[in-house]
Amino acid sequence: MKNFISVRDVHNIDDLIQKALAFKANPQLSASLGVGKRMGLLFLNPSMRTRLSTQIAAENLGMKAVVFNVGQDGWSLEFMEGAVMNGNTVEHVKEAAPILGQYFDVLGIRTFPSLQNKEADYSETYIHQFIKYAGIPIVSLESATLHPLQSLTDIITIQETFKEKRKPKIVLSWAPHVKALPQCVANSFAQWVNAWGEVNFVITHPKNYELDAQFTQGATILHDQSEALQGADYVYVKNWSAYTEYGKVMCTDPNWMLTNKKLAITNKARVMHCLPVRRNVELSDEVLDSPASLVTQQAGNRVWAAQAVLSEILPSTY
Ligand code: CP
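Taking the numbering used here, the leading residue of the sequence shown gets 970, the next gets one more, and so forth.
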């Protein structure tokens, strides 16, 4: 693996899941793989889970990990070709990326979308500029439109908890939120579940919250949440802002929040969320505090997903 920015970088999803579960069973399994290698973790936006789990994963493989909060501590970066930099940006990615490429062997980057300009966000300029100019492997720590380390984690969590010999029914259910959030977790989850294949996949959301079809093709899309939840084995709860009316909040209906009453029509579904979660807005206390919730187990698995990905990338750095 050279870069990790979407499911398309993965040769075999099942093999990657098994690798992650092997690291979960024995975190020191490949403790010398990354000795002498250094990973830079660049955050243009806030993070708790991604930052810490990727650092731990790198260290489990013998790497050194250095976190740099570009948004707080660094010079503000310019990405536009031909920019006249007489505004707020101080350093162009054309200088920053090759310098970081000399300091590090692998570079992880987190960038959020503007939610103002769909074309710019969906062209993933930031991450592609780093791939173009850094000259070392790039790992997405969440980009404008995708969150592949989260999605791999989500599938690992489903794989390790589903014990029946049939396809699970997985429902991605939109939830209310007080802010306009990116589509990336939902896009990425849909992309990975569709690529994984052997599941019954349903997406439910209010009208006007359709995601980009390039990610959802293969899923059943329902606007009736109750119909979608029937017989579900997993309910993945997530808010996202509108894709068509880009970045807009089109619905705040609290009835979309998952409750125990709604869970009663599922097949004793396990509940997932990428976190952070707004309690009693996106998900009720009664669900989050119940045995149905997988959210902390899911977040714990971020380490093993990152470790599996880094173990695939490291050989390309030798
Ligand atoms: N789920 C997730 O990416 O969490 P952080 O934003 O805390 O990294």
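From the three backbone atoms N, C-alpha and C, an ideal C-beta is built for every residue, glycine too.
- Straight-line spacing of the CA atoms in GLU1251 and SER999 works out to 38 Å.
- Cβ contact annotation for LEU1191 (same chain, cutoff 8 Å, sequence separation greater than five): VAL1171, ILE1172, THR1173 and ALA1197, in chain order.
- Separation of THR1185 and GLU1050 (C-alpha to C-alpha, rounded to the nearest whole angstrom) is 32 Å.
- With a cut-off of 8 Å, the C-beta of SER1259 is classified as distant from ligand 1, since no heavy atom of the ligand falls inside that distance.
- Non-local C-beta neighbours of THR1286 in its own chain, meaning closer than 8 Å and more than five positions away in sequence, comprise LYS1006, ASP1074, VAL1075, ILE1105 and PRO1106, ordered along the chain.
- Going by C-alpha positions, HIS1242 is about 6 Å away from LYS1207.
- Sequence-distant Cβ neighbours of ASN1270 in its own chain, meaning closer than 6 Å and more than five residues away, are THR1122, ILE1125 and THR1126.
- SER975 has its Cβ no nearer than 8 Å to any heavy atom of ligand 1.
- For ARG1079, no alpha helix (DSSP H) segment is defined; the enclosing uninterrupted segment is the beta strand (DSSP E) at 1075-1079.
- Distances taken from the Cβ of MET1241 to the heavy atoms of ligand 1 include none shorter than 8 Å.
- Between ASN1249 and MET1219, the C-beta spacing is not below 9 Å.
- Annotation for HIS1116 indicates a beta carbon within 8 Å of some heavy atom of ligand 1.
- Judged by DSSP in its simplified three-state form, PHE1184 adopts helix.
- In terms of side-chain proximity, the C-beta atom of THR1019 is found nearer than 8 Å to a non-hydrogen atom of ligand 1.
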